[in-house]
Amino acid sequence: MATLLEKVQTLISANMHEMVDKALETNSVAVMKQYIRDAEKNLDELEDAAATVGGEVKSMERKYKEYKKKADQLDRNIDALLMQGKADLARAAQNELNSARRLQEQYHEQWVRQQREYESLLNARLKLQAKLQTIRQEQKELEALMRLAKSKETTVKAIKSLDDLMGVGDADIARLGESIRNRLDKASAHSEMYADRLDNQMDAALGSAELDLQLEERKRRLGLSEAPALTVDDSEEAEATME
0 MATLLEKVQT
10 LISANMHEMV
20 DKALETNSVA
30 VMKQYIRDAE
40 KNLDELEDAA
50 ATVGGEVKSM
60 ERKYKEYKKK
70 ADQLDRNIDA
80 LLMQGKADLA
90 RAAQNELNSA
100 RRLQEQYHEQ
110 WVRQQREYES
120 LLNARLKLQA
130 KLQTIRQEQK
140 ELEALMRLAK
150 SKETTVKAIK
160 SLDDLMGVGD
170 ADIARLGESI
180 RNRLDKASAH
190 SEMYADRLDN
200 QMDAALGSAE
210 LDLQLEERKR
220 RLGLSEAPAL
230 TVDDSEEAEA
240 TME
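All letters in the sequence shown, in the order written, are residues 0 to 242 by numbering that gives the first Met the number 0.
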């Protein structure tokens, strides 16, 4: 029983500042949750122990009253026996009375001691319940603050990222954009150059063909153009005409 009371006393006297310091070190309220779990477990054990001791108190009280009643009855019987001159019976009753008085005193002492222990257990239970209630409330508040702190940290991180994009990030993006534009300008220049070259080639080709046609026409007018050689189809057509 003393071990249980020591555990309960430790929980009751637990320093809130120490728990908060540990929570700050670990950035978590797990230390308070563990305290609550330990306290709830010990509270259950304390209630069981209190119920057991309370039952013993009632038993000691009942035994004390039984032996007191018996001793009081024996005391009256001894007086009656002595009045009747029955010394031997009175002597035996006196011996039984002495034994009953001893047991009466023993049960009374046990009753009183158990009653004090029972009251101590009840007081410890009330204190532990009150401490638990306080810790539960503190835990909820600290968890809410922890969530708020994490939210703030996330916000600060996001803002810092935006600062990077708007600060140093702008120069990097600008440099990348300039590189892309330079590549585009170079490609455009190559495209224009190849287009001009193709246009010139087409012009040259078309120009030569037109000149050849003009010269051939001039040769025909001058009678300098040779008659074109007859093809197989042309020969067959000529023979068919002559027939």
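The beta carbon of each residue, even a glycine, is placed where N, CA and C say it ideally should be.
Note that this is a predicted model, so its numbers are computed, not measured.
When the beta-carbon positions are compared, TYR106 and MET59 come within less than 7 Å of each other. The residue from GLU191, LEU96, LYS6 and SER178 with its alpha-carbon nearest to that of ARG75 is LEU96. A direct Cα-Cα distance of roughly 15 Å separates ALA89 from LYS69.
Boundaries of the alpha helix (DSSP H) harbouring VAL52: 29–82, taken from the DSSP string. When only Cα atoms are considered, VAL30 and ARG124 end up about 22 Å apart. Counting other Cβ atoms within 10 Å of its Cβ, ALA129 stays below 16 and is therefore classed as exposed. Residue GLY54 holds the alpha-carbon nearest to the alpha-carbon of GLN114 among GLY54, ALA157, ARG180 and GLN93.
In this structure, VAL28 places its C-beta atom within 7 Å of the C-beta atom of GLU142. At a Cβ-Cβ threshold of 7 Å, LEU120 and ALA38 do not count as neighbours. Here the alpha carbon of GLU177 sits roughly 18 Å from the alpha carbon of HIS189.
By the CB criterion at 7 Å, ALA92 and LEU73 fall inside the cutoff.
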